[in-house]
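Going by our numbering, the sequence shown opens with residue 1, and the numbers climb by one from there. Note that the Cβ used here is the ideal one computed from N, Cα and C, for glycine as well. All figures in this text were calculated on a predicted structure; none of them were measured in a lab. Reading through the structure tokens given below for one structure.
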Amino acid sequence: MKEVKLADNIYYLGVNDRRTHLFENAWPLPYGVAYNSYLINDEKVALIDTVEYGHMEDFLERIDDILDGKTIDYLIINHMEPDHSGAIKQIVNQYPDIQIVGNKKTFPMLEGFFGIEQNHYEVEEGDTIDLGTHKLNFHMIPMVHWPETMVTYESTTQTLFSADAFGSFGTLDGGIFDDEINLNFFEDELRRYYSNIVGKYGNQVQKALSKLGGLEIKQIAATHGPIWRCHIDYILDKYHKWSSYEPEEEGAVIVFGSMYGNTEKMADRMARTLSENGVKNIRVYDASKTHASYIISDIWKYSGLIIGSAAYNGGIFPAVGSLIEKLKNMYIKNRALGIFGSSSWGGGGYRVLEKWAEELNLEHLGPKAEARCAPNANDMELCDQIATEVAQSIKKHNTK
Ligand code: FEO
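Following this line, the structure appears as structure tokens:
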């Protein structure tokens with residue numbers, strides 16, 4: 001790996017993971033993921049976060065090459081999740097005098113995950129460590145994405161080491177800085193990362209944005225994805241929008257669970273009605289086929305959401321049940337919502353969807369559309385009414 005610098009004496013030390021199938025053993029990685037770490041080689045040396053355990057050997061070699069026998073004085077732990085803290089134990093073994101910099105919520109995790117009880121250097125909001133030329137300031141951003149998460153701001157180069165915030169799925173295939181890559185590709189992976197991993201914590205992200213808004217920022221170096229230096233307004237705008245649960249574009253996701261195709265027929269009917277009402281971005285997903293990761297990402301993007309379910313064992317179809325549970329956990333809001341289903345003998349799917357919408361305080365539009373078995377003409381008419389109302393609501397909503 002060639003040396004890559006963010007500024008004089010500030011090195012990028014990221015690795016690409018193209019082998020892991022599921023991030024957190026939960027979210028698909030078709031384009032892999034990058035774990036980014038950074039090294040500041042000043043009078044004092046600071047390593048900012050580490051990498052996932054499986055990529056440690058290469059990581060340690062690159063540190064050795066840069067430092068050429070010099071030691072590391074500080075290991076800054078912005079975030080303790082093991083995709084970044086995986087190499088800590090080896091770093092501590094190799095540099096036994098290293099000071100481990102974290103906050104009061106970091107160290108119980110450090111002890112819990114790795115049994116490391118020494119060399120703790122606790123910082124609080126606004127504290128500074130002077131490395132010589134470079135000065136590090138620390139700001140707490142709890143729940144973006146864990147309670148101990150903080151950011152490190154290097155004030156002479158105005159570089160924000162932002163932990164998971166502003167990160168992305170996708171490996172860095174040659175291009176490492178935002179001006180070296182095609183942002184069109186990364187936009188979907190950025191949104192999927194945000195919605196899947198941080199989506200639940202919109203309020204906390206808003207607080208973090210407000211706190212960091214007072215800093216002059218020339219570069220954002222996250223623990224995943226590209227380093228931002230040319231499109232900082234772009235990524236900040238995205239985070240403002242995503243964290244406030246505001247859709248980005250006019251459009252609708254229709255997601256259904258169907259055993260024998262009857263609920264799917266209702267979904268297709270509504271898609272056509274949306275189109276007849278001028279909605280151009282329409283994504284119809286079978287919840288059993290497409291991983292929730294992608295469906296959630298599109299739900300974050302578009303202003304309309306229609307969910308349908310067949311009854312299954314007196315309740316909701318399992319794949320739809322799992323999806324709406326995730327959405328509830330993420331406090332989804334601000335969407336033009338429609339629900340529908342088929343009941344067979346005792347129903348269940350529609351009933352669960354209705355209760356779910358009520359619990360989230362989401363108004364669902366249009367009449368009740370619950371076919372008994374296969375949808376008849378009247379059921380389809382009810383579907384038309386729902387889709388028409390959703391389309392009208394989408395058209396009224398300003399996504400700009
Ligand atoms: Fe990339 Fe929350 O760890």
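| Item | Value |
| --- | --- |
| Nonlocal neighbours in the same chain, by C-beta distance under 7 angstroms from V198, ignoring five residues either side | V144, H145, D164 and V205 |
| Simplified DSSP assignment, three categories, for L47 | strand |
| Limits of the unbroken alpha helix (DSSP H) element including N196 | That residue, N196, is in no alpha helix (DSSP H); it is neither H nor E in DSSP. |
| D164 beta carbon near the ligand FEO (any heavy atom closer than 7 angstroms) | yes |
| H84 beta carbon near the ligand FEO (any heavy atom closer than 7 angstroms) | yes |
| Short CB-CB distance (under 8 angstroms) between I40 and chain B | No chain B appears in this structure, which consists of one protein chain only. |
| Enclosing beta strand (DSSP E) for Q90 [first to last residue] | Careful: Q90 lies outside any beta strand (DSSP E), inside the alpha helix (DSSP H) at I88 to Q94. |
| Sequence-distant residues of its chain with Cβ nearer than 7 angstroms to T106 (five each side left out) | I77, M80 and E148 |
| Beta-carbon proximity list for E250, same chain, < 6 angstroms, skipping 5 on both sides | S303, I394 and T399 |
| As assigned by DSSP and simplified to three states, the class of V352 | helix |
| Nearest to D188 (by Cα), restricted to the options S210, I98 and P30 | P30 |
| Start-end ranges of the alpha helix (DSSP H) lying completely within the region 158-246, minimum 4 residues | 183-193, 202-212 and 232-243 |
| 8 angstroms Cβ cutoff met for T157 and I10 | yes |
| Alpha-carbon to alpha-carbon, A369 and D379 | 6 angstroms |
| T223: CB within 7 angstroms of a non-hydrogen atom of the ligand FEO | yes |
| Under the three-state DSSP convention, the category Y294 falls into | helix |
| Integer-rounded CB distance, given that A374 should sit under 8 angstroms from W344 | The question names Trp, but residue 344 is Ser in the sequence shown. Contact flag wrong, Cβ pair sits at about 10 angstroms. |
| C-alpha gap between K211 and P142, whole angstroms | 12 angstroms |
| Of the listed residues I295, N334, S244 and L75, nearest to T122 (C-alpha basis) | According to the sequence shown, residue 122 is Glu rather than Thr. The shortest C-alpha separation from E122 is found at L75. |
| 7 angstroms Cβ shell around G167 - same chain, five flanking residues per side excluded | Y193, A222, T223, H224 and G225 |
| Residues that DSSP places opposite E370 in a beta bridge | G341 |
| Bounding residues of the beta strand (DSSP E) (the contiguous stretch that carries S309) | Y302 to Y312 |
| For G257: DSSP bridge partner residues | S309 |
| Segment contact, 8 angstroms Cβ cut-off, at least three pairs: the region 19-33 with the region 237-254 | no |
| Integer Cβ distance of A371 from N262, believed to fall under 8 angstroms | 6 angstroms |
| Where the alpha helix (DSSP H) containing G321 begins and where it ends | P318 to N329 |
| Neighbourhood of F59 by C-beta, 8 angstroms cutoff - its chain only, sequence neighbours within 5 removed | L13, V15, S37, T50, V51 and A87 |
| Span of the beta strand (DSSP E), counted from its first residue to its last, around D130 | T128 to D130 |
| Close Cβ partners of S322 (< 7 angstroms) along its chain, the five nearest in sequence each way excluded | A292 |
| 6 angstroms CB neighbourhood of S110 in its chain, flanking five on each side removed | Note on residue identity: the sequence assigns Leu, not Ser, to residue 110. Same-chain partners within the cutoff: I116. |
| For D17 and Y53, the rounded distance between their alpha carbons | 11 angstroms |
| Terminal residues of the beta strand (DSSP E) in which V284 lies | I282 to D286 |
| Cβ-Cβ distance between I299 and V253 below 8 angstroms | yes |
| Extent of the continuous beta strand (DSSP E) to which V15 belongs | V15 to D17 |
| Limits of the beta strand (DSSP E) - the one that G54 falls within | Unbroken run through G54: none, as it is neither H nor E. |
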